[in-house]
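Enquirer: Numbered according to our numbering, the sequence shown spans residues 142 to 457.
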Amino acid sequence: MKIQDIQNLSVQMGIQADFRGKDGVQRFLDNKKKKFQRLSLSEQDEFDKEELENPYMDSGVFNVSDDKEIKRVLVGIDIEPAEILLADKLGNIDLVIAHHPEGRGLAQLADVMHLQADVLSQYGVPINIAESLMKVRISEVARGVNAINHQRSVDMARILGVNLMGSHTPTDNLAAKFLKNLVEERKPETVGEIISLLKELPEYQEAMKIGVGPKIFVGNPENRVGKIAVSEITGGTEGSTKMYEKMSQAGIGTVIAMHTSEEHRKEAEAAHINIVIAGHMSSDSLGMNLLMDALEKQGVEIIACSGFTRFSRVNK
Ligand SMILES: [Fe+2]
Numbered sequence: 142m143k144i145q146d147i148q149n150l151s152v153q154m155g156i157q158a159d160f161r162g163k164d165g166v167q168r169f170l171d172n173k174k175k176k177f178q179r180l181s182l183s184e185q186d187e188f189d190k191e192e193l194e195n196p197y198m199d200s201g202v203f204n205v206s207d208d209k210e211i212k213r214v215l216v217g218i219d220i221e222p223a224e225i226l227l228a229d230k231l232g233n234i235d236l237v238i239a240h241h242p243e244g245r246g247l248a249q250l251a252d253v254m255h256l257q258a259d260v261l262s263q264y265g266v267p268i269n270i271a272e273s274l275m276k277v278r279i280s281e282v283a284r285g286v287n288a289i290n291h292q293r294s295v296d297m298a299r300i301l302g303v304n305l306m307g308s309h310t311p312t313d314n315l316a317a318k319f320l321k322n323l324v325e326e327r328k329p330e331t332v333g334e335i336i337s338l339l340k341e342l343p344e345y346q347e348a349m350k351i352g353v354g355p356k357i358f359v360g361n362p363e364n365r366v367g368k369i370a371v372s373e374i375t376g377g378t379e380g381s382t383k384m385y386e387k388m389s390q391a392g393i394g395t396v397i398a399m400h401t402s403e404e405h406r407k408e409a410e411a412a413h414i415n416i417v418i419a420g421h422m423s424s425d426s427l428g429m430n431l432l433m434d435a436l437e438k439q440g441v442e443i444i445a446c447s448g449f450t451r452f453s454r455v456n457k
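Right, here's the structure in full:
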């Protein structure tokens with residue numbers, strides 16, 4: 142496999158697991174195309190054409206120094222200059238794969254957040270409310286990531302000749318779908334039962350060893366779950382704090398999230414919504430593992446670093 146093959150596979154698997162469905166993702170891309178066609182020629186010139194093809198602009202190929210056959214990859218949740226140096230020091234790494242966005246992926250993180258409005262509407266929040274609250278939050282995040290030193294790791298990769306790509310929302314989609322299927326199959330009745338269910342997964346077992354296993358941030362183990370929303374696993378980063386009241390009105394009783402801010406937690410509590418925190422690095426690892434399994438099947442060797450706990454589900 143070449144780097145672009147891995148990127149294509151990541152996008153393709155991300156679409157398959159996307160809560161919007163294939164049609165929903167296509168609609169998102171079609172809207173981009175319509176927007177592009179309305180631009181003036183000079184504006185079209187400035188437009189990043191990859192946006193018309195890639196529904197996950199927080200992910201992609203960030204540096205190609207040697208477009209070789211990829212046999213060994215170094216995979217981490219946060220790839221910073223230190224991890225690029227590590228790849229260089231190890232010396233036998235064909236490609237570094239990051240989970241959290243790098244370079245222009247980080248600059249365009251807010252673009253993937255539109256999917257949250259669709260996910261919320263699937264759980265019963267009227268789309269007009271979800272869209273209007275997300276619109277405010279999306280522009281907040283876009284401004285928030287604007288000042289970051291986006292290219293730091295990418296520059297390091299370029300100078301040292303290390304190939305670099307990232308898969309953020311595609312693998313978060315894989316984790317979200319996996320957890321949604323699990324909850325729908327096993328139908329936990331109490332918040333405590335959700336925690337027990339999560340603790341069966343090796344990524345969360347690994348996290349428990351260092352004290353960051355699944356936790357209840359709002360509610361009690363004996364609370365009944367009501368309608369469970371797996372709405373805070375994918376979609377870039379945390380959504381609007383004002384959403385919980387609307388989710389509560391839409392009949393959502395429990396939210397499974399990767400992580401949450403104190404402000405979000407308080408709003409959820411005020412809206413009587415139980416919050417189960419699955420865990421951040423562990424949930425990111427779950428999604429990355431599902432993509433890495435597809436690479437392993439192609440004979441690619443995977444070396445884990447930077448918070449990524451590798452667990453293979455190939456042949457299981
Ligand atoms: Fe993350």
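Glycine included, each C-beta is placed from N, C-alpha and C at the ideal position.
Going along the chain, which residues of its own chain have a beta-carbon closer than 6 Å to the beta-carbon of GLY392, five neighbours each way excluded?
Expert: GLY265 and LYS368
Enquirer: Considering Cα atoms alone, identify which of ILE351, PHE177 and SER308 is closest to GLY244.
Expert: SER308
Enquirer: Per the DSSP calculation, ARG92 is bridged to which residue(s)?
Expert: Any property of residue 92 remains undetermined from this structure, which presents the chain solely from 142 to 457.
Enquirer: How long is the line joining the alpha carbons of GLN490 and ILE218, rounded to whole angstroms?
Expert: Outside the displayed range of the chain (142 to 457) lies residue 490, so it cannot be described from this structure.
Enquirer: According to DSSP, is ALA239 part of a helix, a strand, or is it coil?
Expert: strand
Enquirer: How about the stretch 340–359 and the stretch 406–424: do they share at least three Cβ pairs that are nearer than 8 Å?
Expert: yes
Enquirer: Is the beta carbon of HIS405 within less than 7 Å of some heavy atom of ligand 1?
Expert: no
Enquirer: ILE234 and ALA316 look like a contact to me (Cβ under 8 Å); what is the Cβ gap, rounded to whole Å?
Expert: That pair is no contact at about 24 Å.
Enquirer: Quick one: Cα of ASP146 to Cα of ASN361, how far?
Expert: If you take the alpha carbons of ASP146 and ASN361, they lie about 45 Å apart.
Enquirer: Between ASP199 and ligand 1, is there a pair consisting of the residue's CB and a ligand heavy atom that are separated by less than 7 Å?
Expert: no
Enquirer: Would you call VAL455 buried or exposed, if buried means 16 or more other Cβ atoms sit within 10 Å of its Cβ?
Expert: exposed
Enquirer: Mind checking which residues open and close the alpha helix (DSSP H) that includes GLU410?
Expert: Judged by DSSP secondary structure, GLU410 falls within the alpha helix (DSSP H) whose first and last residues are 403–411.
Enquirer: How about VAL324 and VAL371: are their beta carbons less than 8 Å apart?
Expert: yes
Enquirer: With three or more beta-carbon pairs closer than 8 Å as the criterion, would you say the stretch 244–257 touches the stretch 273–291?
Expert: Touching, yes.
Enquirer: Residues in the same chain with beta-carbon distance under 7 Å from ASP313, minus the five sequence neighbours each way, listed in chain order, please.
Expert: If the five residues before and after ASP313 are omitted, its C-beta is found closer than 7 Å to the C-beta atoms of ILE374, THR375 and GLY428, all from its own chain and listed in chain order.
Enquirer: Which one of GLU184, ILE156 and GLY302 has the shortest CA to CA distance from LYS209?
Expert: GLY302
Enquirer: Would you list the residues sitting across from GLU373 in a DSSP beta bridge?
Expert: ALA398
Enquirer: May I ask you to check if the CB of ASP425 is nearer than 7 Å to at least one heavy atom of ligand 1?
Expert: Yes, ligand 1 has a heavy atom inside 7 Å of this Cβ.
Enquirer: Compare the beta carbon distance of ASP159 and VAL166 with 8 Å and say whether it is the shorter of the two.
Expert: yes
Enquirer: When you compare the CB positions of ILE144 and VAL205, do they come within less than 8 Å of one another, or not?
Expert: Against a cut-off of 8 Å, the Cβ pair of VAL205 and ILE144 comes out as a contact.
Enquirer: Residues in the same chain with beta-carbon distance under 7 Å from MET306, minus the five sequence neighbours each way, listed in chain order, please.
Expert: Within the same chain, MET306 has close Cβ partners ILE144, ILE147, GLN148, GLY201, VAL202, PHE203, LEU236 and ILE238.
Enquirer: Are at least three pairs of beta-carbons, each pair with one atom in the stretch 256–274 and one in the stretch 387–404, less than 8 Å apart?
Expert: yes
Enquirer: Within a Cβ cutoff of 7 Å, which residues of the same chain sit near GLU192, ignoring the five residues on either side of it in sequence?
Expert: LYS173 and MET198
Enquirer: Under DSSP, the beta strand (DSSP E) around ILE418 begins and ends at which residues?
Expert: 415–418
Enquirer: Helix, strand or coil, according to DSSP, for ARG278 in the structure here?
Expert: In this structure, ARG278 counts as helix in the three-state DSSP scheme.
Enquirer: Around the C-beta of ARG327, are 16 or more other C-beta atoms found within 10 angstroms, so that it is buried, or is it exposed?
Expert: Around the CB of ARG327, fewer than 16 other CB atoms lie within 10 Å, so the residue is classed as exposed.
Enquirer: Using three-state DSSP, classify LYS340 as helix, strand or coil.
Expert: coil
Enquirer: Rounded to whole angstroms, what is the Cα-Cα separation between ASP186 and LEU170?
Expert: 18 Å
Enquirer: Let me confirm a value: ASN304 is counted as buried when at least 16 other C-beta atoms fall within 10 Å, else exposed. Which label applies?
Expert: buried
Enquirer: Can you tell me whether ARG161 is buried or exposed? The criterion is at least 16 other CB atoms within 10 Å of its CB, across all chains shown.
Expert: buried
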